[in-house]
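So this is what it looks like as structure tokens:
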């Protein structure tokens, strides 16, 4: 069991190394292409609202209600964005 555990740990480490390389490459390619993905849009909107009180208040004044569908699928950044709007 100890040998199998050590082998599993090594495989897990290698997997994480490859996964981090893929993420880094993906981020570099997005920057080079000057594009953003869905997650980037959520983060940028959240950061704007959290960092700019005037923008946040402007949107709060503009919308009386916010409909949030599929709450169970809302991640942390999305929930922070919703809270900033509320």
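Numbering (our numbering), first residue to last: -15 to 70. Positions of the beta carbon are idealized from the N, C-alpha and C atoms, including for glycine.
When we look at the beta-carbon of residue 17 and count the other beta-carbons within 10 Å, is it buried (16 or more) or exposed? The count along the chain shown starts at 1 and reaches residue 17 at position 33. Around the beta carbon of residue 17, fewer than 16 other beta carbons sit within 10 angstroms, so the residue counts as exposed.
Proximal residues to residue 45 (C-beta, below 6 Å), its chain only, five neighbours per side dropped: If you number the chain shown from 1, residue 45 lands on position 61. None.
C-beta atoms of residue 33 and residue 68 nearer than 8 Å: Translated into positions along the chain shown, residue 33 becomes position 49. Translated into positions along the chain shown, residue 68 becomes position 84. Yes, they are a contact pair.
Between which residues of its own chain and residue 61 is the CB-CB distance below 8 Å, once the five residues before and five after are set aside? Reading the chain shown from its first residue, position 77 is the one you call residue 61. Excluding sequence neighbours, residue 61 sits near 23, 26, 27, 30.
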